[in-house]
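Here is the structure we will look at, set down as structure tokens.
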Amino acid sequence: MSSQETLCTLALTRMVGFNPRVALHLYRSLGGGQAVYEQRNEVGSLIDGCTPRLLESLKHWDEAMARAEAELEFAAGHGIKVLALNDSDYPGRLRDCDDAPLAVFYKGQADLNQQRVVAIVGTRRCTSYGQDLTRRFITELKQLCPQALIVSGLAYGIDICAHRQALQSGYETVGVLAHGLDTIYPGHHRETAKAMVAQGGLLTEYMTQTEPLPNNFRQRNRIVAGLADATVVVESAARGGALITARIAQDYGRDVLAFPGAVGASGSEGCNHLIRDNKAGLMTSAEDFVNAVGWQSERQRRQAADKGIERNLFPELSADEQKVVDLLQVANDLQLNIISVRTNISIGQLTALLFQLEMKGVVKPLAGGTYHLLL
1 MSSQETLCTL ALTRMVGFNP RVALHLYRSL GGGQAVYEQR NEVGSLIDGC
51 TPRLLESLKH WDEAMARAEA ELEFAAGHGI KVLALNDSDY PGRLRDCDDA
101 PLAVFYKGQA DLNQQRVVAI VGTRRCTSYG QDLTRRFITE LKQLCPQALI
151 VSGLAYGIDI CAHRQALQSG YETVGVLAHG LDTIYPGHHR ETAKAMVAQG
201 GLLTEYMTQT EPLPNNFRQR NRIVAGLADA TVVVESAARG GALITARIAQ
251 DYGRDVLAFP GAVGASGSEG CNHLIRDNKA GLMTSAEDFV NAVGWQSERQ
301 RRQAADKGIE RNLFPELSAD EQKVVDLLQV ANDLQLNIIS VRTNISIGQL
351 TALLFQLEMK GVVKPLAGGT YHLLL
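Residue numbers (this note's numbering): 1 to 375.
This is the structure:
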């Protein structure tokens, strides 16, 4: 992506006051940040529903562009990737959300579009029960699905427990921050954050010099949910950020699962209520999770490989169909746009190919525009 497009996208984000839905509507309607900038004086005639305040703000880009230039300079000097919405490395699962940020800042090594991503969230005031559940879940999951990305919010309690156990288990783990990448909050987690940059990463939608204000954490929760295939709630009181993340994940059409807790225990009320109200599936182990979200195929494939079983189940395929199959054999359960980028096949042609593969029993569509290669 061109530096000018990234610059204009960052400036646009700044100008709309971090109202992601408005920003996303402008961006998608006109085809990118630079397109909005170039047509800034005609936006009112091109897009219905723009408020007078928005139209007036879009006439004054100088301050926002200067701020965006400074941010790009900081990012370049500190190993930070600026991923705009149309960038191929932008998290594809997040891109599908109707309030996705136009750009994110990322420092790390993990592929944000890898095959399996799970968010693990919970209360900041976790008990030893919650910590034990988190550690056991991640340890068991590593045995069942060796390749997965663990996402959380780097907060006290369940978040940091999940990050640390992921590191210890050999998983990559990404922390979503409620501030810029020029600082780490809370400061006690600085060493863990440093380890995560080498074995995962840190991600935020916020520019530098952004304070970790309460509303930023609520906004941050949507990114935690949007990055993942599924969200696991380990321990939560009757109210809290973990429940907000779970609700957002459900709104996105993603799987939500929760560990039950003792009846009457304040730290488990949130999880128990989610399960009672059918807003989360009940889970007691990583095995439950894998079965619930349909990740067992990876385990079956590994078991077959360990036994030396050769599989030749696919019918005769065209060259382009084989491209898709080859990609999904390496990284299964990919979204349409990611398959298009990695195979260099247009969306229109790819849609027809995937339909043919579905009819042949080779792939099946999943929620969120994702395609799964059948065994």
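Don't be surprised by glycine CBs; every beta carbon is placed ideally from N, CA and C.
- DSSP, read as helix, strand or coil, puts T127 in coil.
- Close CB contacts of C161 within its chain, under the 6 Å cut and outside five residues either way in sequence, are with Q131, T134 (chain order).
- In the DSSP annotation of this structure, the continuous segment of the alpha helix (DSSP H) that includes Y37 starts and ends at 33 to 38.
- The beta carbon of G180 is closer than 7 Å to those of T204, Y206, M207, T208, Q209, T210 in its chain, skipping five residues each way along the sequence.
- DSSP places Y27 in the uninterrupted alpha helix (DSSP H) bounded by 20 to 30.
- Between G92 and N337, the alpha-carbon positions lie close to 8 Å from each other.
- Within 10 angstroms of the beta-carbon of Q168 lie fewer than 16 other beta-carbons, which makes it exposed.
- V363 is positioned such that its CB atom lies no closer than 8 Å to that of L327.
- With a minimum length of 3 residues, the unbroken runs of beta strand (DSSP E) contained wholly in the segment 165 to 237 fall at 172 to 176, 200 to 204, 230 to 233.
- Residue nearest to L177 within the set Q34, T370, C97, Q219 is Q219 (criterion: CA-CA distance).
- Unbroken beta strand (DSSP E) runs of no fewer than 3 residues, entirely contained in the segment 62 to 116, are found at 81 to 84, 103 to 108, following chain order.
- Inclusion of V82 and L58 in the CB contact set at 8 Å is not warranted, their separation being larger than that value.
- For D320, the uninterrupted alpha helix (DSSP H) segment begins and ends at 319 to 330.
- As DSSP reads the structure, P365 sits in a beta bridge with Y371.
- Here L373 is near V325, since their CB atoms are less than 8 Å apart.
- Between the beta-carbon of N278 and that of G261 there is about 17 Å, and that puts the pair past the 8 Å contact cut.
- Here A119 carries a strand assignment [DSSP, helix/strand/coil].
- The three-state reading of DSSP puts S2 in coil, since its state is none of H, G, I, E or B.
- In the three-state reduction of the DSSP assignment, G281 falls in the strand class.
- By the criterion of a C-beta distance shorter than 6 Å, C8 is surrounded in its chain by G33, Q34, Y37, once the five residues flanking it on both sides are discounted.
- Between G264 and A198, the alpha-carbon positions lie close to 41 Å from each other.
- In the structure shown, A249 adopts helical secondary structure according to DSSP, grouped into three states.
- When only Cα atoms are considered, G201 and A110 end up about 6 Å apart.
- Per DSSP, D288 lies in no beta strand (DSSP E) segment; the continuous alpha helix (DSSP H) that holds it begins and ends at 286 to 293.
- A straight-line Cα-Cα distance of about 20 Å links E172 and E287.
- Taking the Cβ atoms as the reference, V121 lies roughly 4 Å from A242, within the contact range of under 8 Å.
- Of the residues assessed, M359 falls on the exposed side of the cut-off, its CB having fewer than 16 other CB atoms within 10 angstroms.
- Residue range 149 to 152 is occupied by the beta strand (DSSP E) that includes I150.
- Spanning the alpha carbons of D99 and C145 requires a straight line of approximately 30 Å.
- Annotation: M196 to D48 spans about 44 Å, alpha carbon to alpha carbon.
- Beta-carbon to beta-carbon, F105 and A75 are separated by about 6 Å, close enough to satisfy the 8 Å threshold.
- A258 carries a strand assignment under DSSP once its states are collapsed to helix, strand and coil.
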